[in-house]
Structure formats: C-alpha cells, structure tokens
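Colleague:
2 protein chains.
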Amino acid sequence: MYDRDQLKEIVDKALVSYSYYSGSDKLFEPVKYAVSVGGKRLRPILTLMACNLFTDKINEAVMPAAGIEIFHNFSLVHDDIMDNASIRRNFPTVHSKYGINQAILSGDVMAFLANECFLQLPQEKVVKVVRLFNNTAIEVCQGQQMDMDFEKKDIVPEEDYIRMIRKKTAVLIAAALEIGAIIGGAEDKDSQTLYDFGINLGLAFQIQDDILDIWSDEKVFGKSQGGDIIANKKTLPIIKAFELASGNNLRLLKELYSQKNSVEEREKVETVTAILNELWIKEVTTILADSYIDNALKALKSVAVEERKKEKLLNITESLVNRNR
Amino acid sequence: MYDRDQLKEIVDKALVSYSYYSGSDKLFEPVKYAVSVGGKRLRPILTLMACNLFTDKINEAVMPAAGIEIFHNFSLVHDDIMDNASIRRNFPTVHSKYGINQAILSGDVMAFLANECFLQLPQEKVVKVVRLFNNTAIEVCQGQQMDMDFEKKDIVPEEDYIRMIRKKTAVLIAAALEIGAIIGGAEDKDSQTLYDFGINLGLAFQIQDDILDIWSDEKVFGKSQGGDIIANKKTLPIIKAFELASGNNLRLLKELYSQKNSVEEREKVETVTAILNELWIKEVTTILADSYIDNALKALKSVAVEERKKEKLLNITESLVNRNR
Numbered sequence: 042m043y044d045r046d047q048l049k050e051i052v053d054k055a056l057v058s059y060s061y062y063s064g065s066d067k068l069f070e071p072v073k074y075a076v077s078v079g080g081k082r083l084r085p086i087l088t089l090m091a092c093n094l095f096t097d098k099i100n101e102a103v104m105p106a107a108g109i110e111i112f113h114n115f116s117l118v119h120d121d122i123m124d125n126a127s128i129r130r131n132f133p134t135v136h137s138k139y140g141i142n143q144a145i146l147s148g149d150v151m152a153f154l155a156n157e158c159f160l161q162l163p164q165e166k167v168v169k170v171v172r173l174f175n176n177t178a179i180e181v182c183q184g185q186q187m188d189m190d191f192e193k194k195d196i197v198p199e200e201d202y203i204r205m206i207r208k209k210t211a212v213l214i215a216a217a218l219e220i221g222a223i224i225g226g227a228e229d230k231d232s233q234t235l236y237d238f239g240i241n242l243g244l245a246f247q248i249q250d251d252i253l254d255i256w257s258d259e260k261v262f263g264k265s266q267g268g269d270i271i272a273n274k275k276t277l278p279i280i281k282a283f284e285l286a287s288g289n290n291l292r293l294l295k296e297l298y299s300q301k302n303s304v305e306e307r308e309k310v311e312t313v314t315a316i317l318n319e320l321w322i323k324e325v326t327t328i329l330a331d332s333y334i335d336n337a338l339k340a341l342k343s344v345a346v347e348e349r350k351k352e353k354l355l356n357i358t359e360s361l362v363n364r365n366r
Numbered sequence: 042m043y044d045r046d047q048l049k050e051i052v053d054k055a056l057v058s059y060s061y062y063s064g065s066d067k068l069f070e071p072v073k074y075a076v077s078v079g080g081k082r083l084r085p086i087l088t089l090m091a092c093n094l095f096t097d098k099i100n101e102a103v104m105p106a107a108g109i110e111i112f113h114n115f116s117l118v119h120d121d122i123m124d125n126a127s128i129r130r131n132f133p134t135v136h137s138k139y140g141i142n143q144a145i146l147s148g149d150v151m152a153f154l155a156n157e158c159f160l161q162l163p164q165e166k167v168v169k170v171v172r173l174f175n176n177t178a179i180e181v182c183q184g185q186q187m188d189m190d191f192e193k194k195d196i197v198p199e200e201d202y203i204r205m206i207r208k209k210t211a212v213l214i215a216a217a218l219e220i221g222a223i224i225g226g227a228e229d230k231d232s233q234t235l236y237d238f239g240i241n242l243g244l245a246f247q248i249q250d251d252i253l254d255i256w257s258d259e260k261v262f263g264k265s266q267g268g269d270i271i272a273n274k275k276t277l278p279i280i281k282a283f284e285l286a287s288g289n290n291l292r293l294l295k296e297l298y299s300q301k302n303s304v305e306e307r308e309k310v311e312t313v314t315a316i317l318n319e320l321w322i323k324e325v326t327t328i329l330a331d332s333y334i335d336n337a338l339k340a341l342k343s344v345a346v347e348e349r350k351k352e353k354l355l356n357i358t359e360s361l362v363n364r365n366r
C-alpha cells in the first residue's frame, strides 16, 4: 500500500510531466502557476487510495488523478474571480497576478486538459469515468451557483446549505474516490459505496473548514481568522447561530450581518465569535460534522476489501476531522 | 441526403431537448439564452453533412453535433467577456444581460455539457471523438490567446494572423467535419481529408468575415460596418494594407491605428476604407480567401464517396464564399 506522502509525490510528478507543462505558451503560464501553488492534493490522493484498495498497480489511475486535481484548480481559478478573492494559499490568485481575462481563458483550457487525462484508460472504463467526471463538474458549477445566490439572501436554511456544500465540495471528493475504484477494478457496489463515503467525508470536511475559519490559529490554517464572518458568508456556524439565538444576541447578529463595513472588521469578528461561543455553536456544529464522519466510516466499513487495506483512507479521514482538536 | 434546412431543424431540436433545458436552474438560464439566440448552426450542420456522406443514418451524430454547437457558444460567451462586447447577433451578450460572474459560470458549465454529448456514441468511437474534441477545444483557447496578444502588438505578420485564425476558427470547423465522418463510419484517410477540407473552409470563412466587416451592407451582415476598424483589430485586410501602403497612406494608417478615439469613429472607418480601396485590398484579400477555397474543394474532391453525395457540402462552401459577391 502506498502512503499519503508517496501518493502526493506521484501526483505532483504527473502534474509537471503533463504535456502543457513543457510548452512556452503564454496560455499555460497561469495553468502551471495555479496547479503548482501548494495544495494538499487531497482529491487525487483519494483517487489513488481508492484504486489501491482493489489493485497494487495504480499506474492507470495516475493521469486521471491529475485530471481531477486540474479540474479542482480550474474551479478555484474561476471561483476566485467571482468571489473577488486576491489571496489563496498565501499567494496571489491567478486573476490578481495575470488579470481577469487571462484567468478566464487559462481557466477554460484547464477544463479540457482535465478531460484529456481520462482518455488513456482502457476503452471499457473511459465512458464510465468521463461521464462521472463531467456530471460531477456540472454539479460543482451548480454548487457555485447556489453559493453565489446565497450571498443575496438574508437567511439560508440549514438544509439548503448542506445541499450547496454537497454540490460545491462533496461530489468532487466522492467522484475522485469512485473514479479511483472504477479504475482499480472494483465491483459497482463497492465503487458506489466509496462515492457515498466521499460525500459524507466531503460534507464533514467543509463543515470542519467553516469551523476552522472561526476557531483556528491563523498560522496553522493559512487563512486569516474570521474571513467568512468579515465576508458575511452564511456558513453553517452562522446559520446555526441564527437558528439558536434570541433576544439581544439575535438582534446583534442581524445588525452585524445586515450592514457591511459599518463595524470595524476585528470588532465584528470578535462580537460574532463571542455570541457563537455563548451559544455553544462550535460544539453543535462539530456534532453535525461528526455525524457525517460516522456515516463515512460506516460506508468505508462495508466496502468488500480487507480492513487493513482501508487503513490509509481511515487515516486521511481522521486527519481531516482532527485538524483542530 | 438531408438538406441544410432539415439539418438545422434537427440541430435546433436536439439543443432544446437536451436535459439542462428542462430544469429551472438559474445556472442554465444563460446557457439556454446563449444557445437559442440565433446562429446559423454552421458547425453542427457540417457534422451531420459529413456523417451523411458515409451513411443515411445520421441519428448517432445528432447529440455530438449539438455538443459542438454548445462548445462554440461557450467560447462566444467567454470571448465576449474578454472582448468587452455588448452585442452579438443583434442581442445583448450573455454577460451584459446576466453579469460577468454569471457569464463565467454558465459558460463553464457549457464546457462540460458539451463533453457529455459525445458519451452516447458506441464505445469504439467515443475515445477518438472525445480526444479530437478536447484537443480542438484546447487549440481554440490557444487561438483566443493569440488574438488577445495581437491586440497589444503594433504589427502582426500575415503568417501569424493565419496561424491565429486557424486555431481560433478553422480547427473547430475541421473537427466538426471529422467527428461527423468518424461517426458515419469513414475510413481514417477520408475523415482526415474532411478535416483538411474544414481547415481550408474555416480559413476562407474567417477571411471572408474580415472582408465583410469592411465592405458589406450593414442590414445583410447584422454587424455594424467597420467594427473591426473601430476596435483597431489587425484583420487580414489591415495587415495587407500595412504591407502594401507607402508614403502618405502608410503614415495615415499608422496614425489611425496608433491612437484610439482621437478621430471620430465614422471618419476613421471612411479614411481607412478609402486607403484600402486605393490599394485594392478587397481584391488582394479575396484572392487569398479563394486560394483556401480551392484547397478545400480539392480536399473534398479526394474524399472517396460518390460526387453527388458531396453536393450539400459544395453548396455550403459556395454559399459561404459568395456572401458578398
């Protein structure tokens, strides 16, 4: 079994050996930049781990794994334009470095580069994988649409929020796993169970991310604390707070979330965090994240391979959940 | 043999029967708008005609043809953002109607919707067609990159311009034809010859378009006359003029193309057109377009099917060339 570091290295190598990397084409400069600026390579590593459950020969899954990472970065490049974000992973975003038009176009080409990564697969697997990939990509766009729509709403019901992060985050993690399993030769039942595992893992991962945005140490997390609060984002902790707050707290929350920039940023973060703490929101939200982790673990348990082979996926699941505990 | 109008109807039907069309998803509104606002459906019609050369049963090629049209519209949606264009085919462009962020995202989803259109094909054809499609899409992005780069250059050599329109316009027309031929069951030699036919047709088509922008009747062409001149675009007639002009004319051209907005638009168009007329640029450029048409016709002649079956493709070739004669 390959471990996480080995798989990351394999993915990194595949990404820089891909043809576009060798050209001097101006179009591909921002692609190289987007793909090379950090990232944990979580999704492609999951593809390779899922493949590795069913076969020792993971070679066939390497380019598809790279394709999933390229797609993931494609969505970040375009989302950062839409979100007007200037920094990602401590580096300037593609559009702040190269301009919006260049970021649109170089992002575009990544969608097609990603699709090409699946075409070396044996014929009987290509259609299945390419269909799952493009279906997933469409869902990710739907998720981004919901996220943008939520910005204009005062109140977002919890179930709508879960539907949004399912599409925006979880389906790609799920598809990364299912694609790995298909390539590894899994039975349909097992590859679909790994998809379920991925959905639950992805939901927990995103909720955990929302929690970390509020209650984490800046240096460890690599983003400035409370960024979501400053941006008025209705993440799960905030949705929960609106649900549970009453009296003064509710009035204060409404006030802080209705006006932009009227309160100094630091003060806003501190006040909101204090209310959240009073309402035990971190604990309430963590319980929900944990319930998705439980579902994920149940799904993983039911995959028909020896338990010892699942160790790497178990480790990665635990490491995601315990980032802040 | 199906004629052009029948094929257009088939394509239009396929486009509105595609799944995304039935949803109420906000993401797909601009997609429907982009796809439904006019258009001659040239590329998908070529796909079906190429298929029809080799088989009477063109059914299999219908969704792939729709995919090519969706991709074409995807590139228009994003190019219009980059070119800051507010009108296309006499309607507001997607981003002027729905906003830039929405146009980026709805454009994105079209890239994946297009890819899905090829997945119903028999397995042995899928990989070939999907590879050709994505390779072509990458080239179209490269062509748009070159076009954007040219805007910053004072002088564009003719051969660079031809390389640009080859990628930006011709390869998609060529791929549309080759994909149709592959689906129709053509031998490799014939499908590749149809690709060559398409490259030459596409080059002639674009040069003809450049000519029409300067020397056409506004009502017929549907764009305002001299738009390229106003936008300082280095199209082939302008490149040729810079090559052939001397003395006063050259000085005047340089002046008009170095300063934006200093001369009144109408006056600029009239002065440039007068210089071009003096230098016989329309005739010089038409000769070049004709030479590509000759190459296209030679390629079509060498495709190993009965001549009478090629009639529709011959007609469409002639109709493209004779738009302004």
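Sequences listed follow chains A and B, in order. Here the working numbering runs 41 ahead of the position in the first sequence, where the first position is 1. Here the working numbering runs 41 ahead of the position in the second sequence, where the first position is 1. By construction, the Cβ of each residue, glycine as well, lies at the ideal position given by its N, Cα and C atoms.
For tryptophan 321 of chain A, is the classification buried or exposed, using 16 other Cβ atoms within 10 angstroms of its Cβ as the cut-off for buried?
Modeller: That one is exposed.
Colleague: Taking just the CA atoms, how far does lysine 98 of chain B sit from isoleucine 122 of chain A?
Modeller: When rounded, the distance between both Cα atoms is 45 Å.
Colleague: Applying the criterion that 16 or more other CB atoms from any shown protein chain within 10 Å of the CB defines a buried residue, is tyrosine 62 of chain B buried or exposed?
Modeller: Label assigned to tyrosine 62 of chain B: exposed.
Colleague: Of the choices A:Gly243, A:Asp251, A:Leu218 and A:Glu110, whose alpha-carbon is the least far from that of tyrosine 236 of chain A?
Modeller: Measuring from the Cα of tyrosine 236 of chain A, the nearest candidate turns out to be A:Leu218.
Colleague: For isoleucine 109 of chain A and valine 57 of chain A, what's the separation of their Cα atoms in angstroms?
Modeller: Roughly 14 Å separates the two Cα atoms.
Colleague: Does arginine 84 of chain A get closer than 9 Å to chain B when you measure Cβ to Cβ?
Modeller: Chain B, which has no Cβ nearer than 9 Å to the Cβ of arginine 84 of chain A, makes this no.
Colleague: Is the region 142 to 162 of chain B touching the region 168 to 186 of chain A, taking contact as three or more C-beta pairs under 8 Å?
Modeller: Output reads yes: the region 168 to 186 of chain A touches the region 142 to 162 of chain B.
Colleague: Anything in the region 152 to 172 of chain A with a Cβ closer than 8 Å to a Cβ of chain B? List those residues in chain order, please.
Modeller: Within the region 152 to 172 of chain A, the qualifying residues are Ala152, Phe153, Leu154, Asn156, Glu157, Leu160, Gln164, Glu165, Val167, Val168, Val171 and Arg172.
Colleague: Give a yes or no on whether the minimum CB-CB distance between asparagine 142 of chain A and chain B is below 9 Å.
Modeller: So yes, asparagine 142 of chain A belongs to the interface.
Colleague: Along chain B, which residues have their Cβ under 8 Å away from the Cβ of histidine 370 of chain A?
Modeller: Absent from the structure is residue 370 of chain A, since the part of chain A shown begins at 42 and ends at 366.
Colleague: Going straight from the alpha carbon of isoleucine 214 of chain B to that of arginine 82 of chain B, what length do you get?
Modeller: About 11 Å.
Colleague: DSSP state of phenylalanine 159 of chain A, grouped into three classes?
Modeller: Note: phenylalanine 159 of chain A maps to coil in three-state DSSP.
Colleague: Kindly say whether leucine 178 of chain A, judged by its beta-carbon, lies nearer than 9 Å to any beta-carbon of chain B.
Modeller: It should be noted that the sequence gives alanine, not leucine, for residue 178 of chain A. By this cut-off, alanine 178 of chain A is an interface position.
Colleague: Leaving out the 5 sequence neighbours to the left and right, which residues in its chain are closer than 6 Å to phenylalanine 69 of chain A when beta-carbon positions are compared?
Modeller: Excluding residues within five positions, the ones whose Cβ falls inside 6 Å are Tyr61.
Colleague: Just the Cα atoms here: how many angstroms apart are leucine 294 of chain B and valine 313 of chain B?
Modeller: Taking the straight line from one Cα to the other gives about 7 Å.
Colleague: Where DSSP assigns a beta bridge to isoleucine 128 of chain B, which residues make up the other side?
Modeller: Answer by DSSP bridge pairing, in chain order: B:Pro133.
Colleague: Closest by CA to methionine 187 of chain B, which one among B:Lys208, B:Val170 and B:Lys169?
Modeller: The option with the nearest alpha carbon to methionine 187 of chain B is B:Lys208.
Colleague: Just to confirm, is the Cβ distance from valine 72 of chain A to arginine 129 of chain A under 9 Å?
Modeller: No, they are not a contact pair.
Colleague: Could you say which of A:Ile248, A:Val310, A:Lys281 and A:Lys342 lies nearest to asparagine 273 of chain A if we only look at CA atoms?
Modeller: Nearest C-alpha to asparagine 273 of chain A: A:Val310.
Colleague: Can a CB atom of chain A be found closer than 9 Å to the CB of methionine 104 of chain B?
Modeller: So, not an interface residue.
Colleague: Ends of the alpha helix (DSSP H) at arginine 172 of chain A?
Modeller: 164 to 192 is the span of the alpha helix (DSSP H), which, as asked, contains arginine 172 of chain A.
Colleague: Please list the residues of the region 66 to 100 of chain B that have a C-beta atom closer than 7 Å to any C-beta atom in chain A, keeping them in chain order.
Modeller: Residues Asp66, Lys67 and Leu68.
Colleague: For chain A, check one thing: does any of its Cβ atoms lie closer than 9 Å to the Cβ of methionine 42 of chain B?
Modeller: By this cut-off, methionine 42 of chain B is not an interface position.
Colleague: Tell me whether glutamate 70 of chain B sits in a helix, a strand or coil according to DSSP, three-state version.
Modeller: Glutamate 70 of chain B: helix per DSSP, three-state reduction.
Colleague: With DSSP collapsed to three states, give me the class of leucine 83 of chain A.
Modeller: Three-state result, leucine 83 of chain A: helix.
Colleague: Under 9 Å between C-beta atoms, does methionine 189 of chain A make it to chain B?
Modeller: Output row for methionine 189 of chain A: interface = yes.
Colleague: Does the contact criterion of 3 or more C-beta pairs under 8 Å hold for the region 279 to 297 of chain B versus the region 322 to 332 of chain B?
Modeller: The region 279 to 297 of chain B vs the region 322 to 332 of chain B: in contact.
Colleague: Around the C-beta of alanine 315 of chain A, are 16 or more other C-beta atoms found within 10 angstroms, so that it is buried, or is it exposed?
Modeller: Alanine 315 of chain A is exposed by the Cβ-count criterion.
Colleague: Could you check if serine 232 of chain B is buried or exposed, using at least 16 other CB atoms within 10 Å of its CB as the buried criterion?
Modeller: It counts as buried.
Colleague: So with CB distances below 7 Å, who are the chain A contacts of leucine 183 of chain B?
Modeller: For clarity, residue 183 of chain B is glutamine in the given sequence; the question names leucine instead. Ordered by position in chain A, the residues that pass the 7 Å Cβ test against glutamine 183 of chain B are Asp66 and Leu68.
Colleague: From aspartate 39 of chain B to threonine 88 of chain B, what distance separates their C-alpha atoms?
Modeller: Within the shown structure, residues of chain B are numbered from 42 to 366, placing residue 39 of chain B beyond reach of any answer.
Colleague: Quick one: does glutamate 356 of chain A have its CB under 9 Å from some CB of chain B?
Modeller: According to the sequence as given, residue 356 of chain A is asparagine; it is not glutamate. Cβ-Cβ to chain B under 9 Å: no for asparagine 356 of chain A.
Colleague: Within 10 Å of its beta-carbon, does isoleucine 252 of chain B have 16 or more other beta-carbons around it, so buried, or fewer, so exposed?
Modeller: Under this definition isoleucine 252 of chain B is a buried residue.
Colleague: For glutamate 359 of chain A and alanine 75 of chain A, what's the separation of their Cα atoms in angstroms?
Modeller: Rounded to whole angstroms, glutamate 359 of chain A to alanine 75 of chain A spans 28 Å at the Cα level.
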